[in-house]
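If you're matching them up, the sequences are chains A and B in order.
Everything in the first sequence is counted per UniProt numbering, starting at 1 for the first residue and increasing by one.
Everything in the second sequence is counted per UniProt numbering, starting at 1 for the first residue and increasing by one.
Built from N, CA and C at the ideal position, the CB exists for glycine as well.
Since the model is a prediction, treat every value here as computed from it, not as a measurement.
Protein chains: 2
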Amino acid sequence: MQIDSIASAERAGNLFGYPLMIKSKRLAYDGRGNAVAHSKEELPSAVSALGGFDRGLYVEKWTPFVKELAVIVARGRDGSISCYPVVETIHKDNICHIVEAPANVPGRIKELSVDVAQQAVSSLEGAGVFAVELFLTKDGKVLLNEVAPRPHNSGHHTIESCYTSQYEQHLRAIIGLPLGDTTMKTPAAIMYNILGEDEGEPGLCLANQLISRALSVPGASVHWYGKPEMRKQRKMGHITIVGPSMNIVKARLDQI
Amino acid sequence: MQIDSIASAERAGNLFGYPLMIKSKRLAYDGRGNAVAHSKEELPSAVSALGGFDRGLYVEKWTPFVKELAVIVARGRDGSISCYPVVETIHKDNICHIVEAPANVPGRIKELSVDVAQQAVSSLEGAGVFAVELFLTKDGKVLLNEVAPRPHNSGHHTIESCYTSQYEQHLRAIIGLPLGDTTMKTPAAIMYNILGEDEGEPGLCLANQLISRALSVPGASVHWYGKPEMRKQRKMGHITIVGPSMNIVKARLDQI
């Protein structure tokens, strides 16, 4: 629901209850562009934390979820649709920390997730890859969180784990080639984001230790983005580990 | 055995019998730089087909083989050695046509192949990836054919099928990083070379049809080298198909 004044925010609060999630329509990612009002009194400060109403704000009912899931959906220029396996995304301080593929949820939840993701993409236009982020609630409901119309952090693992990576799939989709096979060629994959720490030379930080250890771990692939400077909590790279089971890839990640 | 005159070629013929394989020490690949003399009388023409003795010639005893195998071996700067699974290479007109990974040979032959490959690389210096080509004889012997000190056609499949591709492995080896895991992450892979046909526009040839069909085949990845011109029998690209069994990837290749 859109809001454009404190009065309309208060009406939304009456409708949805508190805490109330307030979101910016633009430049919202990694927790940026989101603010929570725990009561009517907090509405003005939450709105001003988001830069005021000028940037375009809307509210969502607060969702207590048990897991966050994601589905990468590709739509070709001919309208054909193809979904990747459902993954679980584990966030820390609102930033994606780990992605597990496939998600450890019952088959019914996987089907439901794919349904919701396909519906979400159907309501949008355009060819290419879309990342659909979902909430799984305690009572087994799957709710739409957000859609990113592009290759996405939750699909990085596909480079090593799937027959067609999300990047190749995006190219196939926008060029008008047939969509590729989205199934996994390894039983399990785990993706770990390397986040920036305090300012400083990248050469001296934990990232280098992670990378150096990862080079000796079977099935681990290091991706370093070569960003010109490190900033705290900035995504500097990621490590994907593929292997014969989720327990094994988790154990390999623990080594790193 | 080196030869530098027709007289020494004849001595080699007496020693090894005919047919006798004559090889050039340089610029020998895809059947180029090889000539066969079926009798003493054919020696002069075979030698002159190779450009005469000035280019450096040697002879090998003719080997009737039942299969050609290959092993990619990596040696790190610290001397550590790592071998990829043994593959079968299927040639047509002396040019690699298809590579099947893993090779369909008994475990004993695989061990023997890895032994011979490691021995061959041990006798050479330098860090990096070496491709060791082998002959399997009817009586179960594994003989060294040749060694290419570089990433090689017989290892192209590793891009999709192994935890570490031969290219990443080569970089790890020469930079001094730990060698990566060489095991296959898919049960089977088949690589098909796209060879140039008669002169002409690449856009009009069979290659485009192959690529176009491959795009719809699960587990198929097309690699097109972008060479500036097509020449008959020139390697223009390749297609790798990975999947759950050799029968399945062969069937998928048949579709293409």
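| Which partner residues does V132/A have in the DSSP bridge list? | Here residue 132/A corresponds to residue number 132 of the first sequence, with the count starting at 1. V132/A is bridged to V71/A and V147/A.
| Closest Cα partner of V59/A within the set K67/A, H38/A, G155/A and E68/A | Counting from one through the first sequence, the residue named residue 59/A turns up at place 59. When only C-alpha atoms are compared, the closest one is H38/A.
| task | Compare the beta carbon distance of M191/A and H170/A with 9 Å and say whether it is the shorter of the two. | result | The residue you call residue 191/A lines up with position 191 of the first sequence. The residue you call residue 170/A lines up with position 170 of the first sequence. Going by C-beta atoms, M191/A is not nearer than 9 Å to H170/A.
| request: Could you list the residues in the stretch 222 to 237 of chain A with a C-beta less than 7 Å from some C-beta on chain B, going in chain order? | output: none
| C-alpha distance - residue 258/B paired with Q2/B, whole-angstrom precision | Residue 258/B lies beyond the range of chain B shown here (1 to 256); nothing can be said about it.
| said: What ranges does the alpha helix (DSSP H) occupy inside the stretch 21 to 53 of chain B, keeping only unbroken runs of at least 4 residues that lie completely in it? | reply: 43 to 49
| Contacts that L215/A makes with chain B (C-beta to C-beta distance below 7 Å) | Within the first sequence, the letter at position 215 stands for residue 215/A. Neighbours of L215/A on chain B, chain order: L177 and P178.
| At a CB-CB cut-off below 7 Å, which residues of chain B make contact with T240/A? | Position 240 of the first sequence holds residue 240/A. What T240/A touches in chain B: nothing, since even the nearest Cβ is about 11 Å away.
| If you draw a straight line from the C-alpha of V222/A to the C-alpha of H238/A, how long is it? | In the first sequence, residue 222/A corresponds to position 222, counting from 1. In the first sequence, residue 238/A corresponds to position 238, counting from 1. If you take the alpha carbons of V222/A and H238/A, they lie about 6 Å apart.
| Coarse secondary structure for T164/B, derived from DSSP in three states | Position 164 of the second sequence, counted from the start, is the residue given in the question as residue 164/B. T164/B falls in the coil class under three-state DSSP.
| message | For a contact defined as C-beta to C-beta under 8 Å, what are the partners of Y192/B on chain A? | response | To locate residue 192/B, count along the second sequence from 1; it is residue 192. Chain A residues near Y192/B: none, gap ~17 Å exceeds 8 Å.
| task | Starting from the beta carbon of P218/B, find every residue of chain A whose beta carbon is closer than 7 Å, and list them in chain order. | result | For the purposes of this step, residue 218/B is taken as the residue at position 218 of the second sequence. Within 7 Å Cβ-Cβ: Y163 and D181.
| request: Quick one: give me the first and last residue of the beta strand (DSSP E) that S221/B is part of. | output: Here residue 221/B is taken as the residue at index 221 of the second sequence, counted from 1. Taken as a continuous stretch (DSSP letters only), the beta strand (DSSP E) holding S221/B covers A220 to W224.
| field | V87/A versus D54/A, L136/A and V121/A, residue with shortest Cα-Cα distance | value | Within the first sequence, residue 87/A is the residue found at index 87, counting from 1. V87/A has its Cα closest to that of L136/A, out of D54/A, L136/A and V121/A.
| field | Nearest neighbour of C83/B, chosen from F53/B, Q118/B, S212/B and R252/B [CA to CA] | value | Residue 83/B sits at position 83 when you count from the first residue of the second sequence. Selected option, being the one with the closest Cα: Q118/B.
| request: Taking T63/A as the query, report the chain B residues whose CB atoms sit under 8 Å from its CB, ordered along the chain. | output: Here residue 63/A refers to the residue found at position 63 when the first sequence is read from its first residue. In chain order: nothing, as chain B lies at least about 37 Å away.
| task | Thinking L112/A and V147/A are a contact (beta carbons under 8 Å), I'd like their distance in whole angstroms, please. | result | Taking the first sequence and counting its residues from 1, the one referred to as residue 112/A is at position 112. Taking the first sequence and counting its residues from 1, the one referred to as residue 147/A is at position 147. No, L112/A and V147/A are not in contact; Cβ-Cβ is about 17 Å, not under 8 Å.
| Taking Cβ-Cβ distances shorter than 7 Å, what residues in chain A pair up with T186/B? | As a position in the second sequence, residue 186/B is number 186, starting the count at 1. In chain order: K185.
| Bounding residues of the alpha helix (DSSP H) (the contiguous stretch that carries residue 257/B) | Residue coverage of chain B in this structure runs from 1 to 256, which leaves residue 257/B outside it and unanswerable.
| query | For chain A, is any of its Cβ atoms less than 9 Å away from the one on E160/B? | reply | Your numbering for residue 160/B matches position 160 in the second sequence. Chain A, which has a Cβ nearer than 9 Å to the Cβ of E160/B, makes this yes.
| Top-ranked residue by Cα proximity to T186/B, from C205/A, G219/A and Q209/A | Translated into positions along the second sequence, residue 186/B becomes position 186. Comparing Cα positions, the closest option is G219/A.
| 8 Å Cβ shell around Y225/B - same chain, five flanking residues per side excluded | Stepping through the second sequence from its first residue, residue 225/B is reached at position 225. Once the five neighbours on either side are set aside, the close Cβ partners of Y225/B are K235, M236 and G237.
| task | Compare the C-beta of R172/A with all C-beta atoms of chain B and state if any pair is closer than 9 Å. | result | What you label residue 172/A is simply residue 172 of the first sequence in a count that begins at 1. Chain B contact via Cβ: present.
| message | Assuming K110/A is part of the alpha helix (DSSP H), what are its boundary residues? | response | Walking along the first sequence from the start, residue 110/A turns up at place 110. Here the alpha helix (DSSP H) through K110/A covers G107 to S122.
| request: With a 10 Å radius around its C-beta and 16 neighbouring C-beta atoms as the bar for buried, classify Y29/A as buried or exposed. | output: By 1-based counting over the first sequence, the position of residue 29/A is 29. Burial call: exposed.
| Which two residues bound the contiguous beta strand (DSSP E) that contains V249/A? | The residue you call residue 249/A lines up with position 249 of the first sequence. Run containing V249/A: none in the beta strand (DSSP E); it sits in the alpha helix (DSSP H), M246 to Q255.
| task | Go through its chain and collect everything with a Cβ distance to N153/A's Cβ below 6 Å, but skip five positions before and after it. | result | Along the first sequence, read from residue 1 onward, the residue named residue 153/A stands at position 153. Taken in chain order, the residues that qualify are C96.
| Cβ pair count under 8 Å reaching 3, the stretch 44 to 52 of chain B against the stretch 16 to 35 of chain B | yes
| query | What do you reckon, are the CB atoms on C162/A and P106/A nearer than 9 Å? | reply | Here residue 162/A refers to the residue found at position 162 when the first sequence is read from its first residue. Here residue 106/A refers to the residue found at position 106 when the first sequence is read from its first residue. Cβ atoms of C162/A and P106/A: not closer than 9 Å.
| message | Given this structure, state the Cα-to-Cα distance separating V116/B from P64/B, to the nearest angstrom. | response | Sequence index remark: in the second sequence, residue 116/B carries index 116 (1-based). Sequence index remark: in the second sequence, residue 64/B carries index 64 (1-based). Rounded to whole angstroms, V116/B to P64/B spans 18 Å at the Cα level.
| query | Beta carbon of T89/B, beta carbon of A74/B: below 9 Å? | reply | Locating residue 89/B in the second sequence gives position 89, where the first residue counts as 1. Locating residue 74/B in the second sequence gives position 74, where the first residue counts as 1. Contact flag unset, no.
| Q233/A by DSSP, collapsed to three states: which one? | As a working mapping, residue 233/A is identified with position 233 in the first sequence. Of the three classes helix, strand and coil, the one that applies to Q233/A here is coil, per DSSP.
| field | Alpha carbon of L27/B to alpha carbon of E229/B, nearest angstrom | value | Your numbering for residue 27/B matches position 27 in the second sequence. Your numbering for residue 229/B matches position 229 in the second sequence. Answer to the nearest angstrom: the Cα atoms are 20 Å apart.
| task | Spatial neighbours of E10/B within its chain, please: CB distance less than 8 Å, with the 5 preceding and 5 following residues excluded, ordered by chain position. | result | On the second sequence, residue 10/B is found 10 positions in, with the first residue counted as 1. Closer than 8 Å at the Cβ level, and outside the excluded window around E10/B, lie K40 and L43.
| query | Taking the C-alpha atoms as reference points, what is the distance between E68/B and K227/A? | reply | Here residue 68/B corresponds to residue number 68 of the second sequence, with the count starting at 1. Here residue 227/A corresponds to residue number 227 of the first sequence, with the count starting at 1. The alpha-carbon atoms of E68/B and K227/A are separated by roughly 46 Å.
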